[in-house]
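Visitor: Starting off with a structure, shown below.
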Amino acid sequence: MLLDLSQTASLEASIDVAEQVLAGLKKVGKVHKPGVESAGFAVLKSPDIPSLLVEAAFISNPQEEKKLNSSAYQRKLASAVAAGVKRYFEDNAPDGTLLALRKQIVASRN
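Numbering (our numbering), first residue to last: 1 to 110.
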């Protein structure tokens with residue numbers, strides 16, 4: 001029962017962070033799927049750690065492969081992923097973290 005509850009919370013957090021990341025990737029360029037999808041990959045099944053897998057492009061597509069070879073495009077993708085993760089943790093700061101403390105300080109000033 002506890003494992004199941006933990007996995008449910010982890011899945012919900014994974015979906016939340018993935019939605020933030022996807023929103024950023026949509027600003028970089030065309031995405032192939034309009035929303036977040038779930039999959040049963042082993043790397044995504046940690047019961048207590050939110051996880052996501054980003055498919056940035058298809059190297060079987062010559063145009064996408066060319067973009068992936070560009071360091072400028074790689075930086076854009078990396079920045080979009082990092083910004084999405086950052087937004088997620090700013091909105092969902094874990095207790096006891098610096099982000100949570102900052103959020104408490106800002107809230108106390110309002």
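Note that the Cβ used here is the ideal one computed from N, Cα and C, for glycine as well.
Are Val28 and Ala80 close, meaning C-beta to C-beta below 8 Å?
Guide: Their beta carbons are under 8 Å apart, which means Val28 touches Ala80 by this criterion.
Visitor: Counting only the same chain and skipping the five closest in sequence on each side, list residues whose C-beta sits under 6 Å from that of Ser51.
Guide: Only Ser14 and Leu44 meet the Cβ criterion.
Visitor: Is Ser71 close to chain D? Criterion is C-beta to C-beta, closer than 8 Å.
Guide: The chain labelled as chain D is not found in the depicted structure, where only one protein chain is given.
Visitor: Can you tell me whether DSSP reads Ile105 as helix, strand or coil?
Guide: Of the three classes helix, strand and coil, the one that applies to Ile105 here is helix, per DSSP.
Visitor: How is Glu19 classed by DSSP in three states: helix, strand or coil?
Guide: Here Glu19 sits in helix by DSSP.
Visitor: Go ahead and pull the three-state DSSP assignment for Thr97.
Guide: Three-state DSSP puts Thr97 in coil, outside helix and strand.
Visitor: In angstroms, rounded to a whole number, what distance separates the CA positions of Met1 and Asn61?
Guide: A caution first: Met1 carries a pLDDT of 40, below 50, which makes its placement in the model unreliable, though a value can still be read off. For Met1 and Asn61, the distance between alpha carbons rounds to 44 Å.
Visitor: Identify the continuous alpha helix (DSSP H) that holds Gly84 and give its terminal residues.
Guide: Segment Ser71 to Asp91, the alpha helix (DSSP H) holding Gly84.
Visitor: Measure the C-alpha to C-alpha separation of Leu53 and Leu98 and round it to an integer number of angstroms.
Guide: Going from the Cα of Leu53 to the Cα of Leu98 covers about 26 Å.
Visitor: Under a Cβ-count criterion, where at least 16 other Cβ atoms within 10 Å of its own Cβ denotes burial, should Gln74 be classed as buried or exposed?
Guide: Its Cβ having fewer than 16 others within 10 Å, Gln74 is exposed.
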